[in-house]
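Engineer:
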Amino acid sequence: MDTKTVVGGWTEFDFTISADAKEILHSITSKLMGVNYVAVAVATQPVAGTNYCFLCEATGVYPGACTSLVEIYIYRPLKGDAQLTAITPVMECHPIPGGWFGFHDVSPAEKEVLTSALNGLLGVKYDPLQVATQVVSGTNYCFLCKATVLSPSATPHPVLIRVYQPLSGKPHISSIAPIAIMH
Numbered sequence: 022m023d024t025k026t027v028v029g030g031w032t033e034f035d036f037t038i039s040a041d042a043k044e045i046l047h048s049i050t051s052k053l054m055g056v057n058y059v060a061v062a063v064a065t066q067p068v069a070g071t072n073y074c075f076l077c078e079a080t081g082v083y084p085g086a087c088t089s090l091v092e093i094y095i096y097r098p099l100k101g102d103a104q105l106t107a108i109t110p111v112m113e114c115h116p117i118p119g120g121w122f123g124f125h126d127v128s129p130a131e132k133e134v135l136t137s138a139l140n141g142l143l144g145v146k147y148d149p150l151q152v153a154t155q156v157v158s159g160t161n162y163c164f165l166c167k168a169t170v171l172s173p174s175a176t177p178h179p180v181l182i183r184v185y186q187p188l189s190g191k192p193h194i195s196s197i198a199p200i201a202i203m204h
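Numbers 22 to 204, taken from this note's numbering, label the letters of the sequence shown in order.
1) Pull up the distance between the alpha-carbon of Phe36 and that of Ala42, whole angstroms please.
2) Measuring alpha carbon to alpha carbon, tell me which of Cys163, Cys87, Gly144 and Ser51 ends up nearest Ala175.
3) For the alpha helix (DSSP H) that Lys132 lies in, which residues bound it at each end?
4) Please determine, among Ser48, Val157 and Thr88, the residue with the shortest C-alpha to C-alpha distance to Pro118.
5) For Pro187, which residues in the same chain have their Cβ closer than 6 Å to its Cβ, ignoring the five residues on either side in sequence?
6) Could you tell me whether the segment 119-139 touches the segment 179-186, where touching means 3 or more Cβ pairs closer than 8 Å?
7) Please name the residue or residues paired with Asp205 in a DSSP beta bridge.
8) DSSP three-state label for Ser196, please.
9) Taking a contact to mean a Cβ-Cβ separation below 7 Å, would you say Cys163 touches Val180 in this structure?
This is the structure in structure tokens:
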């Protein structure tokens, strides 16, 4: 358990997901039809058992499906089976004109857009994990990143960085928002 967490509160998201936590997620998502879930990070809350919040990539299992980000909440009692308590969208993607196209691995060109937009920002290292795009008059990018404050005891946390790349000119940051437990 994270020692910086308030007793009874949620831990920070952890990008290292234990085999036990993966099994708990699988025990729930294997019963859900039509969507494939892949865990990116997990946070826990000790109660009479454990609450889990999994930050997941969610991809429909049909041709042309795009990948969105969701939080899956699961309660695992001290005795008995784990139970799904909620699935909450973090960033939905819809492959339609003007919509966000699904999250995917970051290409070298997309990484360069992020690097250029972050130029001059100090104090936090941002490692891009996935990116979604939206075609507008230029391109909007939504990067899922692992953010680490440059401090010896810093714990990485997930953030969404939105970047706008105009048709001409340099890309710039529209927002940097931490992903928080919503349930």
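Where is the CB? At the ideal position from N, CA and C, for every residue including glycine.
Structural biologist: Based on what the coordinates show:
1) Here the alpha carbon of Phe36 sits roughly 12 Å from the alpha carbon of Ala42.
2) The candidate whose alpha carbon is nearest that of Ala175 is Gly144.
3) Taken as a continuous stretch (DSSP letters only), the alpha helix (DSSP H) holding Lys132 covers Pro129 to Leu139.
4) Of the listed residues, the one whose Cα sits closest to Pro118 is Val157.
5) These residues qualify, in order along the chain: Gly159.
6) Judged by pairs of C-beta atoms under 8 Å, the segment 119-139 touches the segment 179-186, as three or more such pairs exist.
7) With the chain running from 22 to 204 in the structure shown, residue 205 is simply not present.
8) In the structure shown, Ser196 falls within a strand segment according to DSSP collapsed to helix, strand and coil.
9) Not a contact, by the Cβ cut-off of 7 Å.
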